[in-house]
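> Sharing a structure, written as structure tokens. Questions coming.
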Amino acid sequence: MAISDSPLISVGGVQAEESSYVDWPAIFAGTIFATAISFVLLTFGSALGLSLTSPYEGSGMSLFWFLIAAALWLLWVQISSFIAGGYLTGRLRRRKHDATEDESDIRDGSHGLIVWALGALVGAFIAVSGISGAASTAATSMSTIAAGAASGAGTAEGEDPLSGAYDLLVDRFLRSGDPAAAPVSAEARDEIGRVLTTAVSDGALNDADRQYLTTTIAARAGLDEAQAQQRVDALLADAQAAEAEARQAAETARKVAMIAAFVTAASFLVSAVGAYYGATLGGNHRDNKTVFADWRRPW
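Here the numbering used here is used: position 94 in the sequence shown is 96, and no number is missing along the way.
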């Protein structure tokens, strides 16, 4: 058989396989290892984060410092896990003896980059469901808070135009001191809600709507005109405060999402360098037959 037809070639007296330079078993091993380390550390970080936060106002870590801590933890997890996965891949990669030391280092590092790419895809696939679920929950919560600020004209047919927050404001506004007072009809509540949302959207309550609300609450609660005016003003102030709170919550959520996206992208870019470095280091230890005395033999 001719030498060119043989699956083995001899380079410097060493038999080497004439096949692809990509060692997929080593890559898969490194990817699995990096993913496992990342999962364990992120799970531990989640538990640690729950212990640092508190549902009670004024207790636990503030949102700003919590985001800083979470960003640093994510960065450390990404870098350390991909360095470990890259090192394992470089150590396990079967070297082709047709390259210089510099070329071998490049091939080891390239294997580390493939480990990083596969790990990023696996992590993104796993995170999509969790992120989409969290985003859906956050969006639902935000829409519940901010629905009262939406225009009544934009409400779908048959849908209650009032949010839960605005329902409570209307309840307080229509509250009567007489327990035997008849309940207010749904049509009247809807009309008050539309007046309220329009006033919040315009930033002021026009004279006709103000007079309507004043007359309604005066007849409902048995108040004089001055007291009725005070209740109308209080209703408008509470509605504007609710809208401002909803806008602030939406702005905070936007900033948090922006920072989280930036930190995630930065951590992946830095971890790519870590994977390359780890694989190169593992390849050098493989070639130099570096032995760690404490791990040389089973305990």
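A virtual CB, placed ideally from N, CA and C, is assigned to each residue, including glycine.
#1: Using the rule of at least 16 other Cβ atoms within 10 Å of the residue's Cβ for burial, across every protein chain shown, is Asp-104 buried or exposed?
#2: With a threshold of 6 Å on Cβ separation, who are the neighbours of Leu-198 within its own chain once the five nearest residues in sequence on each side are excluded?
#3: Note down, in chain order, each residue of its chain lying with its Cβ closer than 6 Å to the Cβ of Ala-73, except the 5 sequence neighbours on either side.
#4: The alpha helix (DSSP H) that contains Arg-256, what's its start and end?
#5: Please list, in chain order, all residues of the same chain as Phe-30 whose beta carbon is under 7 Å from its beta carbon, the five residues on each side excluded.
#6: Please confirm whether Asp-169 and Thr-91 have their CB atoms less than 9 Å apart.
#7: What would DSSP say about Thr-217, mapped onto helix, strand or coil?
#8: In this structure, does DSSP put Tyr-89 in helix, strand or coil?
#9: Leaving out five residues before and five after Ala-122 in sequence, what residues of the same chain have Cβ atoms less than 7 Å from its Cβ?
#10: Compare the beta carbon distance of Val-124 and Ala-277 with 9 Å and say whether it is the shorter of the two.
#11: Got a sec, what are the start and stop residues for the alpha helix (DSSP H) Val-24 sits in?
#12: Mind checking whether Ala-223 and Arg-177 have CB atoms under 9 Å apart?
#13: Counting pairs of Cβ atoms below 8 Å between the region 271-291 and the region 80-97, do you hit three or more?
#14: Taking the straight line between their C-alpha atoms, what separation do you get for Ser-173 and Thr-254?
#15: Are the beta-carbon atoms of Leu-225 and Leu-215 separated by less than 9 Å?
#16: Specify the secondary structure class of Val-293 as computed by DSSP and reduced to three states.
#17: Which class does Thr-157 belong to by DSSP, given the choice of helix, strand or coil?
#18: Identify which residue in Arg-93, Ala-101 and Leu-44 has its Cα closest to the Cα of Phe-294.
#19: Mark Leu-238 as exposed unless 16 or more other C-beta atoms lie within 10 angstroms of its C-beta, in which case mark it buried.
#20: Going straight from the alpha carbon of Arg-212 to that of Val-202, what length do you get?
#21: Can you tell me the Cα-Cα spacing of Ile-261 and Phe-46, whole angstroms?
#22: Between Thr-218 and Thr-200, what straight-line distance do the alpha-carbon atoms span, to the nearest angstrom?
#23: Mind checking Thr-102: buried by the 16 CB within 10 Å criterion, or exposed?
#24: Quick one: is Glu-245 buried, meaning 16 or more other Cβ sit within 10 Å of its Cβ, or exposed?
#25: Does the distance from the C-beta atom of Ala-274 to that of Phe-84 stay below 9 Å?
With the structure as the only source:
#1: Within the sequence shown, numbered from 1, the residue matching residue 104 stands at position 102. Classification for Asp-104: exposed.
#2: In the sequence shown, counting from the first residue as 1, residue 198 sits at position 196. These residues qualify, in order along the chain: Ala-241.
#3: Your numbering for residue 73 matches position 71 in the sequence shown. So the qualifying residues of the chain are Val-265.
#4: Here residue 256 refers to the residue found at position 254 of the sequence shown. Arg-256 -> alpha helix (DSSP H) spans 227-289.
#5: As a working note, residue 30 is residue 28 in the sequence shown. Sequence-distant Cβ neighbours of Phe-30 in its own chain, meaning closer than 7 Å and more than five residues away, do not exist here.
#6: For the purposes of this step, residue 169 is identified with residue 167 of the sequence shown, where counting begins at 1. For the purposes of this step, residue 91 is identified with residue 89 of the sequence shown, where counting begins at 1. No, Cβ-Cβ distance for Asp-169 and Thr-91 is not below 9 Å.
#7: Stepping through the sequence shown from its first residue, residue 217 is reached at position 215. Here Thr-217 sits in helix by DSSP.
#8: Taking the sequence shown and counting its residues from 1, the one referred to as residue 89 is at position 87. Correct three-state label for Tyr-89: helix.
#9: As a first step, residue 122 must be located in the sequence shown, where it is residue number 120. Excluding residues within five positions, the ones whose Cβ falls inside 7 Å are Phe-270.
#10: Against the sequence shown, residue 124 aligns to sequence position 122. Against the sequence shown, residue 277 aligns to sequence position 275. Not in contact: Val-124 and Ala-277 (Cβ atoms no closer than 9 Å).
#11: Locating residue 24 in the sequence shown gives position 22, where the first residue counts as 1. Element bounds for Val-24: n/a, residue is neither H nor E.
#12: Counting from one through the sequence shown, the residue named residue 223 turns up at place 221. Counting from one through the sequence shown, the residue named residue 177 turns up at place 175. Yes, the pair counts as a contact, with Cβ atoms nearer than the cut-off.
#13: These segments touch.
#14: Within the sequence shown, the letter at position 171 stands for residue 173. Within the sequence shown, the letter at position 252 stands for residue 254. What sits at residue 173 in the sequence shown is Asp, not Ser. Going by the C-alpha atoms only, they are around 29 Å apart.
#15: Locating residue 225 in the sequence shown gives position 223, where the first residue counts as 1. Locating residue 215 in the sequence shown gives position 213, where the first residue counts as 1. Not in contact: Leu-225 and Leu-215 (Cβ atoms no closer than 9 Å).
#16: Counting from one through the sequence shown, the residue named residue 293 turns up at place 291. Val-293 carries a coil assignment under DSSP once its states are collapsed to helix, strand and coil.
#17: Position 155 of the sequence shown, counting from 1, holds the residue named residue 157. Note that Thr-157 scores a pLDDT of 42, beneath 50, so its modelled location is shaky; the value from the coordinates is reported in the next line. Reduced to three states, the DSSP call for Thr-157 is coil.
#18: The residue given as residue 294 occupies position 292 in the sequence shown. Checked all of Arg-93, Ala-101 and Leu-44; the closest Cα to Phe-294 is Arg-93.
#19: The sequence position of residue 238 within the sequence shown is 236, counting from 1. Result: buried.
#20: For the purposes of this step, residue 212 is taken as residue 210 along the sequence shown, with counting starting at 1. For the purposes of this step, residue 202 is taken as residue 200 along the sequence shown, with counting starting at 1. Taking C-alpha positions only, Arg-212 is separated from Val-202 by approximately 13 Å.
#21: What you label residue 261 is simply residue 259 of the sequence shown in a count that begins at 1. What you label residue 46 is simply residue 44 of the sequence shown in a count that begins at 1. Roughly 22 Å separates the two Cα atoms.
#22: In the sequence shown, the residue the question calls residue 218 occupies position 216. In the sequence shown, the residue the question calls residue 200 occupies position 198. The straight-line gap from Cα to Cα measures roughly 18 Å.
#23: Position 100 of the sequence shown holds residue 102. Burial call: exposed.
#24: Counting from 1 along the sequence shown, the entry for residue 245 is found at position 243. It counts as buried.
#25: Translated into positions along the sequence shown, residue 274 becomes position 272. Translated into positions along the sequence shown, residue 84 becomes position 82. Taking the C-beta atoms as reference points, Phe-84 is found nearer than 9 Å to Ala-274.
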